[in-house]
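Enquirer: Take a look at the following structure, please.
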């Protein structure tokens, strides 16, 4: 229910809309669907999917998301009020909102007199008409409507009566909530608190939201102060993505509200997925996670000082403001870089690898060296397991590469032609074959499958699900080191493999070869081992 | 003067001490000197150089810095109170502080009863003795002394009387300031405000400082609230470097205090060097600057939304909380699917592109379609400008590709061999050449340069600075769409270019070709245009 008076704070995520205003942030419609589903699962109340009137990609998202039954999240479409001089029912932008098929529209309108006259070039009275008329029109079409009062805090400072009149126009026309936006992001916590208190007093019964930007590095504080002053809806983005310095970071707002102030936000039991959510969104956005990000960053509970560590051993509360497990994060002690690897070895207990045996030490050394050279095994446990098997129990790959040749040809105005020729030793046989593809890696993948499939029919079940490239040491231009991560599945489970090289083809080959070898681990026992002496 | 009652807020920088507790942060003694000199020049009041009792590198800094006449900054050495049961004058740690030769010592002591009994294993009374005794000893040695009350806010919540008694012990023994530390970084703005107000009332005449950590993403807000409640000294670090989630970020605290609240901090005329200071410290620490960092980040005044840009053209105050020049930063306009024609017009005024002309609309349509297909122009303004020039003023590239062939060969146990053969039309000439590389893209880059350099000597000045690959629609495996971004520079300026294809080589070629074409824009006017009919 909207606007009840319990201390539940509704979480309104705008990662998919305002978040994409951030520099370097761009999501495909499919990316957006993935994120929306994750937010729904976590119990977010509202998911703003985009601005259907502004570009085709956003409209595509609204079409796609309809195919998924969401648990409880309400999808919102964003837009503006009608333009000056145009009746709401004739406004294209508002029509698009209705056409997008959502149940909730969030529209913004001006709350700062200066903006009305300067940016919009219209009268203060006409702006009130636009707000009223737009809200009323969308309500008449059966939508819920949230009204985002743009620049509310600047407007409130300049002309409080007018800023409040804008909110009253929206509320009077039936808006289901009014949201106070610190659009330029420069307001201070006490200003936000005072303004929100005034609005809550002035508009009894109307749910009030807060939408803060981080230009003063105060978005989280401003959001919290607004809630303490009576706001019941919080708008923000995962990891604080957003235009300029970003929006209020929900990964910080939510745990502050839930653990520090005792508000109900998303279900308490889902807060342990917060760290995973943060990293998932960085991954989809292809951004590097911010290590020192509060609550969810890799360094958020990393202790370096000797005094801190020794005190922590006595009592974790001594140097931690919160138990890291509560948000799905973990404590790290930076002195022992090897602890992560020990954990990995623990995972592969069935290989009976002893950390203190010569083999164990050697594998650890090798792993450390590989990580130093840019390998990363967290998302590539397939490659890791193959390496451990080679080291400790004489595992041999189901095939060895003899040679490989890739040829790419491009002529003006024609599509590029990609061909791979490979010669593999598979058990006793030597297989020499070739295939085309729509790119070099795809050609290589096709040739490898062709070479293996007569001997290992299971290859047909293996699907490459994901292919990722990251350029390491970016400043080296086209000579840089490249890491390729591949995710493969057989319909039952999935595994990741990794390759690193200055040559993207070589890195891709390493990851591809591992992906197949790992997928054939079981079948290999049934065939190759039998045919060998 | 310490503790006068004017609204001057003293800035105490601990980048060189607490900042180095951050993961991945490490400074040599020389690095520290470089930073200290810069801080002095900017007018910072106090520079905490290290903990002479804890490691030799810190002692080295105090030796080195003596050789430089600082303008006005006071260098501080950090340490702890004496240990339980040890008289201050016999404590090695305190002796080191005196030996370091500084005029100001900052020592921390426990203000949380739980810590006294749990971490320190002593009595509450003995802890008060340690504080009193240590401050008095350092004062007797002619030093100014600041007392850092560790965990003050947690202590104040748990046992306010004891927390205040600790401060009184320090003040009574002659401490020149008491500094309230939110050591675990989890306090909330209103808690900080209430506690500081209480301390200021309780200790009239004693200067009060604030030392906040960012574990709740609230360090800047907590610092500001403390100042508003009467604190007159602010401790923090440049860029918020520091243990776990970092310390209060002085690059945000200072402009908030100076521009938003009108306090005197460092001299007003030096605030224009804030952005430079931030980047300088990142550079020395060998860390990547945080693009969306408030005030000083590269994206801090970067505008992406079309509505924002069209309003900015009328009046910059419409979407900026502060003029970027005040902190030495600058406004940027980003291109993307979210931006309308306004952004384009604003950026490329000199191309005389008319928003209402058929060409103007066509370019915008083309741009939107390309972005829908995965192109991204905010980091690729070189490609964008070339596209606009083609559309509006008959620009022709300095070369056209006739054909290209790439051959990669790999044999077991041997490094992969990469060769590119290209045939280009350059003006009237047909150039056919080949080159090797350590990867396919590098080979292509080398061949392209070889083909161009005899005709365009400027090619030798162009450097590829960065190469990025992003797999779009990741779930399509090796058939996925790939976007390549390249950054190129000529020593004076840099530009980005983009390519998109299912074939990584084709995408790389597009971005490479654009990077050279853009770099040759000027030279082309001088040569090709002249040689052509």
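Residue numbers (my numbering), protein chains in the order written: chain A, -3 to 529; chain B, -3 to 529. Here a beta-carbon is modelled for each residue, glycine too, at the ideal position from N, C-alpha and C.
1) For residue 384 of chain A, tell me which candidate among A/395, A/407, A/360 and A/372 has the shortest Cα-Cα distance.
2) I want to verify the contact list: residues of chain A whose CB lies under 8 Å from the CB of residue 511 of chain B, in sequence order.
3) Compare the C-beta of residue 476 of chain A against all C-beta atoms of chain B and say whether one is closer than 7 Å.
4) Please confirm whether residue 398 of chain B and residue 419 of chain B have their CB atoms less than 7 Å apart.
5) Using a Cβ-Cβ distance under 7 Å, would residue 211 of chain B count as near chain A?
6) Could you work out which residue in B/394, B/74 and B/95 is closest to residue 145 of chain B when comparing CA atoms only?
7) Which ranges would you report for the alpha helix (DSSP H) in the segment 109 to 182 of chain B if only whole runs of at least 4 residues count?
8) Give the residues of chain B in contact with residue 293 of chain A, contact being defined as C-beta atoms less than 8 Å apart.
9) Along chain B, which residues have their Cβ under 7 Å away from the Cβ of residue 314 of chain A?
10) List the residues of chain A that residue 399 of chain B touches, going by C-beta distances under 8 Å, in chain order.
11) Can you give me, in chain order, the residues of the segment 429 to 446 of chain B that have a beta carbon less than 7 Å from any beta carbon in chain A?
12) Ordered along the chain, which non-local residues of its own chain (more than five positions away) have a Cβ less than 8 Å from that of residue 468 of chain B?
13) Skipping 5 residues on each side, what residues in its chain have a beta carbon closer than 7 Å to that of residue 458 of chain A?
14) Is there a Cβ of chain A sitting closer than 7 Å to that of residue 5 of chain B, yes or no?
15) Using DSSP with H/G/I as helix, E/B as strand and the rest coil, what is residue 448 of chain B?
16) Buried or exposed: where does residue 136 of chain B fall if 16 or more other Cβ atoms within 10 Å of its Cβ makes it buried?
17) If you follow the beta strand (DSSP E) that residue 9 of chain A is part of, which residue opens it and which one closes it?
18) For the beta strand (DSSP E) containing residue 72 of chain B, name the first residue and the last one.
19) Taking the straight line between their C-alpha atoms, what separation do you get for residue 104 of chain A and residue 176 of chain A?
20) Determine the chain A residues that contact residue 353 of chain B at a beta-carbon separation under 8 Å, and present them in chain order.
21) Rounded to whole angstroms, what is the Cα-Cα separation between residue 121 of chain B and residue 111 of chain B?
22) I need the DSSP call for residue 104 of chain B, collapsed to helix, strand or coil.
23) When the Cα atoms are used, what is the spatial distance from residue 133 of chain B to residue 97 of chain B?
24) Who are residue 400 of chain A's beta bridge partners in DSSP?
25) Note down, in chain order, each residue of its chain lying with its Cβ closer than 7 Å to the Cβ of residue 481 of chain B, except the 5 sequence neighbours on either side.
26) Using a Cβ-Cβ cut-off of 7 Å, state whether residue 402 of chain B counts as contacting chain A.
27) Using three-state DSSP, classify residue 541 of chain A as helix, strand or coil.
28) Taking 6 Å as the cut-off, does the CB of residue 324 of chain A come closer than this to any heavy atom belonging to the ligand SAH?
29) Please check the pair residue 532 of chain B and residue 216 of chain A, which I expect to be a contact at CB under 8 Å, by giving their CB distance rounded to whole angstroms.
30) Touch check for the segment 228 to 245 of chain B and the segment 202 to 209 of chain B: three-plus C-beta pairs under 8 Å?
31) Please classify residue 466 of chain A as buried or exposed, where buried requires at least 16 neighbouring CB atoms within 10 angstroms.
32) What is the rounded straight-line gap between the Cα of residue 251 of chain A and the Cα of residue 157 of chain B?
33) Since residue 326 of chain A contacts residue 297 of chain A with CB under 8 Å, what's their CB separation in whole angstroms?
34) Using DSSP bridges, identify the partner residues of residue 504 of chain A.
35) If we count the other Cβ atoms within 10 Å of its Cβ and call it buried at 16 or more, is residue 95 of chain B buried or exposed?
36) Residue 75 of chain A touches chain B at which residues, Cβ-Cβ below 9 Å?
Expert: Short version:
1) To locate residue 384 of chain A, count along the first chain from 1; it is residue 388. The shortest Cα separation from residue 384 of chain A among A/395, A/407, A/360 and A/372 belongs to A/360.
2) Looking up residue 511 of chain B in the second chain gives position 515. Within 8 Å Cβ-Cβ: nothing; residue 511 of chain B doesn't reach chain A, min ~10 Å.
3) Position 480 of the first chain, counted from the start, is the residue given in the question as residue 476 of chain A. With 7 Å as the cut-off, residue 476 of chain A counts as an interface residue toward chain B.
4) Locating residue 398 of chain B in the second chain gives position 402, where the first residue counts as 1. Locating residue 419 of chain B in the second chain gives position 423, where the first residue counts as 1. In this structure, residue 419 of chain B lies closer than 7 Å to residue 398 of chain B by Cβ.
5) The residue labelled residue 211 of chain B in the question sits at position 215 within the second chain. Residue 211 of chain B counts as touching chain A.
6) As a position in the second chain, residue 145 of chain B is number 149, starting the count at 1. When each option's Cα is compared against that of residue 145 of chain B, the closest is B/74.
7) 109 to 114, 120 to 136, 148 to 154 and 156 to 168
8) For the purposes of this step, residue 293 of chain A is identified with residue 297 of the first chain, where counting begins at 1. The contacting residues are 241.
9) As a working mapping, residue 314 of chain A is identified with position 318 in the first chain. Simply 111, 114 and 115.
10) The residue labelled residue 399 of chain B in the question sits at position 403 within the second chain. The answer, in chain order, is 405, 406, 407 and 408.
11) 434, 435, 436, 437, 438 and 441
12) Here residue 468 of chain B is taken as the residue at index 472 of the second chain, counted from 1. Correct list, in chain order: 370, 476, 477, 478, 479 and 496.
13) By one-based count along the first chain, residue 458 of chain A stands at place 462. Closer than 7 Å at the Cβ level, and outside the excluded window around residue 458 of chain A, lie 484, 486, 512 and 515.
14) Walking along the second chain from the start, residue 5 of chain B turns up at place 9. No, its Cβ sits nowhere closer than 7 Å to a Cβ of chain A.
15) To locate residue 448 of chain B, count along the second chain from 1; it is residue 452. Helix at residue 448 of chain B.
16) Here the question's residue 136 of chain B lines up with position 140 in the second chain. Label assigned to residue 136 of chain B: exposed.
17) Position 13 of the first chain, counted from the start, is the residue given in the question as residue 9 of chain A. Taken as a continuous stretch (DSSP letters only), the beta strand (DSSP E) holding residue 9 of chain A covers 6 to 9.
18) Against the second chain, residue 72 of chain B aligns to sequence position 76. Looking at the DSSP string, the run of the beta strand (DSSP E) that includes residue 72 of chain B is 70 to 76.
19) Sequence index remark: in the first chain, residue 104 of chain A carries index 108 (1-based). Sequence index remark: in the first chain, residue 176 of chain A carries index 180 (1-based). Distance between the alpha carbons of residue 104 of chain A and residue 176 of chain A: 10 Å.
20) Locating residue 353 of chain B in the second chain gives position 357, where the first residue counts as 1. The contacting residues do not exist; residue 353 of chain B stays about 21 Å from chain A at best.
21) To locate residue 121 of chain B, count along the second chain from 1; it is residue 125. To locate residue 111 of chain B, count along the second chain from 1; it is residue 115. Each residue's alpha carbon lies about 13 Å from the other.
22) Counted from its first residue, the second chain places residue 104 of chain B at position 108. Residue state, collapsed to three classes: strand.
23) Reading the second chain from its first residue, position 137 is the one you call residue 133 of chain B. Reading the second chain from its first residue, position 101 is the one you call residue 97 of chain B. Distance between the alpha carbons of residue 133 of chain B and residue 97 of chain B: 15 Å.
24) Along the first chain, one-based indexing puts residue 400 of chain A at 404. In DSSP, residue 400 of chain A forms a bridge with A/418 and B/406.
25) Here residue 481 of chain B corresponds to residue number 485 of the second chain, with the count starting at 1. Counting only Cβ-Cβ distances below 7 Å, and skipping sequence neighbours, we find 375, 376, 464, 492, 494 and 507.
26) As a first step, residue 402 of chain B is located in the second chain; it is residue number 406 there, counting from the start. Cβ-Cβ to chain A under 7 Å: yes for residue 402 of chain B.
27) Nothing can be reported for residue 541 of chain A, as the shown portion of chain A is limited to -3 through 529.
28) Looking at this structure, you won't find the ligand SAH or any other ligand, since it has none at all.
29) Past the edges of chain B, shown from -3 to 529, lies residue 532 of chain B, and the structure says nothing about it.
30) yes
31) Start at 1 with the first residue of the first chain, and residue 466 of chain A comes out as number 470. Burial call: buried.
32) Here residue 251 of chain A corresponds to residue number 255 of the first chain, with the count starting at 1. Here residue 157 of chain B corresponds to residue number 161 of the second chain, with the count starting at 1. In a straight line, the C-alpha of residue 251 of chain A is about 29 Å away from that of residue 157 of chain B.
33) On the first chain, residue 326 of chain A is found 330 positions in, with the first residue counted as 1. On the first chain, residue 297 of chain A is found 301 positions in, with the first residue counted as 1. Indeed, because the Cβ distance is near 7 Å, the residues count as touching under 8 Å.
34) Taking the first chain and counting its residues from 1, one reaches residue 504 of chain A at position 508. In DSSP, residue 504 of chain A forms no bridge with anything.
35) On the second chain, residue 95 of chain B is found 99 positions in, with the first residue counted as 1. Per the 10 Å Cβ criterion, exposed.
36) The count along the first chain starts at 1 and reaches residue 75 of chain A at position 79. Here the premise fails: no neighbours, minimum Cβ distance about 11 Å.
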